[in-house]
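In the numbering used here, the protein residues as written are 12 to 92.
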């Protein structure tokens with residue numbers, strides 16, 4: 012798959028820098044997105060649930076990030092382009 016197509020689809024890959032704009036307003040901003048490692052999210056992924064959840068990691072390692080984040084709550088950062 013070409014980089015242009017990935018950007019066009021706004022796909023998020025593990026380790027991508029994202030902007031969180033979900034319901035936890037105090038967490039709005041830049042994060043690194045990785046698959047949520049909790050047992051529930053891993054089980055949903057294993058069963059093929061089409062809505063994988065993410066864990067957000069502070070790029071500077073200063074804050075705990077939100078977990079079980081829906082894809083709709085984040086946007087891929089332009090810094091990834």
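Virtual Cβ for every residue (Gly too), placed ideally from N, Cα, C. Every value quoted in this text rests on a predicted model; they were computed, and no experiment measured them.
Between which two residues does the alpha helix (DSSP H) carrying residue 51 extend?
-> 50 to 57
Mind checking who residue 27 pairs with in its DSSP beta bridge?
-> 44
For residue 78, collect the residues of the same chain with a Cβ closer than 7 angstroms to its Cβ; drop the 5 residues on either side in sequence, then sort them by chain order.
-> 47, 49, 66
Helix, strand or coil at residue 87 according to DSSP, with G and I counted as helix = strand
Can you give the Cα-Cα distance for residue 27 and residue 82, rounded to whole angstroms?
-> 13 angstroms
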